[in-house]
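Chains E and X supply the protein sequences, listed in that same order. Heads up, the first sequence stops at 116 in the working numbering, and the numbers go up one at a time, no gaps. Heads up, the second sequence stops at 229 in the working numbering, and the numbers go up one at a time, no gaps. Each residue gets a CB set at the ideal place from its N, CA and C atoms; glycine is no exception. Inspection log for the structure reproduced underneath, given as structure tokens.
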Amino acid sequence: DAGVIQSPRHEVTEMGQEVTLRCKPISGHNSLFWYRQTMMRGLELLIYFNNNVPIDDSGMPEDRFSAKMPNASFSTLKIQPSEPRDSAVYFCASSPDREGSNQPQHFGDGTRLSIL
Amino acid sequence: AQSVTQLDSHVSVSEGTPVLLRCNYSSSYSPSLFWYVQHPNKGLQLLLKYTSAATLVKGINGFEAEFKKSETSFHLTKPSAHMSDAAEYFCVVTKYNFNKFYFGSGTKLNVKP
Numbered sequence: 001d002a003g004v005i006q007s008p009r010h011e012v013t014e015m016g017q018e019v020t021l022r023c024k025p026i027s028g029h030n031s032l033f034w035y036r037q038t039m040m041r042g043l044e045l046l047i048y049f050n051n052n053v054p055i056d057d058s059g060m061p062e063d064r065f066s067a068k069m070p071n072a073s074f075s076t077l078k079i080q081p082s083e084p085r086d087s088a089v090y091f092c093a094s095s096p097d098r099e100g101s102n103q104p105q106h107f108g109d110g111t112r113l114s115i116l
Numbered sequence: 117a118q119s120v121t122q123l124d125s126h127v128s129v130s131e132g133t134p135v136l137l138r139c140n141y142s143s144s145y146s147p148s149l150f151w152y153v154q155h156p157n158k159g160l161q162l163l164l165k166y167t168s169a170a171t172l173v174k175g176i177n178g179f180e181a182e183f184k185k186s187e188t189s190f191h192l193t194k195p196s197a198h199m200s201d202a203a204e205y206f207c208v209v210t211k212y213n214f215n216k217f218y219f220g221s222g223t224k225l226n227v228k229p
């Protein structure tokens, strides 16, 4: 079975440019998570969706960041305008969210973003 | 509130010797606990999970962890390290029936030949 698919795997762009990261969750999973990983701060949850609805976006650093989930099989994380401090690895994860039990999250391989 | 403390940022072992990666948690409720492994340039892969069934949990690749409520610990062990175990390991706690994960800061495992 295909896992969580993220694209692109690597992105290098100049500051000020718009960046769009994409994620396809595992089919049938109804929770989707965006994380950022840096050496300084480790793994940070940015936002989490359940049934395509944003549930908790308290981790989104500022208004330059936005995330959407237009349908159950696709999500985007957008940074506009980008800044060098946004350089990090961004992970998408999904889980099946069965009521009454905590299901593990399944992670994509990440997008390594470098803002020059 | 939920939180996780991984007590060692780096652990180094020789191939064939036991591995112990330590994790302590705090939780206001009965927690669910997970261990994930991250190899370089890859995403996180689930090793094992505890969700209030047996306190000794067996995972993939020979790893296991024991939930000890009295010590609020969930240490990860493996009897014999393999070179391919070199990676970063994350302990995770979540409140039962909620999706939000709380990650530890990670432990980098180095395996010497």
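- Of all residues in the region 129-155 of chain X, the ones placed with a Cβ closer than 7 angstroms to any Cβ belonging to chain E are Ser148 and Phe150, in chain order.
- Tyr145(X): not part of any beta strand (DSSP E); DSSP gives it neither H nor E.
- In the structure shown, Gly42(E) falls within a strand segment according to DSSP collapsed to helix, strand and coil.
- Rounded to whole angstroms, Phe206(X) and Gly16(E) show a C-alpha spacing of 34 angstroms.
- Not one beta carbon of chain E lies nearer than 8 angstroms to the beta carbon of Lys185(X).
- Under the three-state reduction of DSSP output, Ser128(X) falls in the strand class.
- For the region 88-113 of chain E, the set of residues with a beta-carbon nearer than 9 angstroms to any beta-carbon of chain X comprises Val89, Phe91, Cys92, Ala93, Ser95, Asp97, Glu99, Gly100, Ser101, Asn102, Gln103, Pro104, Gln105, His106, Phe107, Gly108, Asp109, Gly110 and Arg112, in chain order.
- Under a criterion of Cβ atoms nearer than 9 angstroms, no residue of chain E is adjacent to Ser200(X); the nearest Cβ is some 18 angstroms distant.
- A straight-line Cα-Cα distance of about 43 angstroms links Gly175(X) and Pro81(E).
- The beta carbon of Val173(X) sits closer than 8 angstroms to the beta carbons of Leu164, Lys165, Tyr166, Glu180, Ala181, Glu182 and Phe183 from its chain, once the five residues preceding and following it are set aside; these are given in chain order.
- In the DSSP assignment, Thr111(E) is bridged to Tyr90(E).
- Between Tyr35(E) and Leu21(E) the beta-carbon gap is near 11 angstroms, outside 8 angstroms, which marks them as no contact.
- Rounded to the nearest whole angstrom, the C-alpha separation of Phe217(X) and Leu225(X) is 22 angstroms.
- Against chain X, the CB of Asp56(E) has a partner CB under 8 angstroms away; the residue lies at that interface.
- Within chain E, no C-beta atom comes less than 8 angstroms from the C-beta of Gly175(X); the nearest is roughly 11 angstroms away.
- For the 8 angstroms CB-CB criterion, Thr210(X) and Ser148(X) form a contact.
- Scanning its chain for C-beta atoms nearer than 8 angstroms, with the 5 sequence neighbours on each side dropped, one finds around Tyr141(X) the residues Gln118, Ser119, Val120, Thr121, Pro147, Leu149, Thr188, Ser189, Phe190, Cys207 and Val209, in chain order.
- Within the region 194-224 of chain X, the beta strand (DSSP E) runs of at least 3 residues that lie entirely inside it are, in chain order, 203-211.
- Contact between the region 26-34 of chain E and the region 44-59 of chain E is present: 3 or more CB-CB pairs across the two stretches fall below 8 angstroms.
- The beta carbon of Ile5(E) sits closer than 8 angstroms to those of Cys23, Lys24 and Gly108, all from its chain and outside the five residues before and after it, given in chain order.
- Excluding five sequence positions before and after Ser221(X), the CB atoms of its chain that fall closer than 6 angstroms to its own CB belong to Gln122, given in chain order.
- In the DSSP annotation of this structure, the continuous segment of the beta strand (DSSP E) that includes Gln6(E) starts and ends at Ile5 to Ser7.
- Residues of the same chain with a CB within less than 6 angstroms of the CB of Gln161(X), apart from the 5 flanking positions on each side, are Val153 in chain order.
- Thr171(X) has its alpha-carbon roughly 50 angstroms from the corresponding atom of Glu14(E).
- DSSP places Met69(E) inside the beta strand (DSSP E), whose first and last residues are Phe65 to Asn71.
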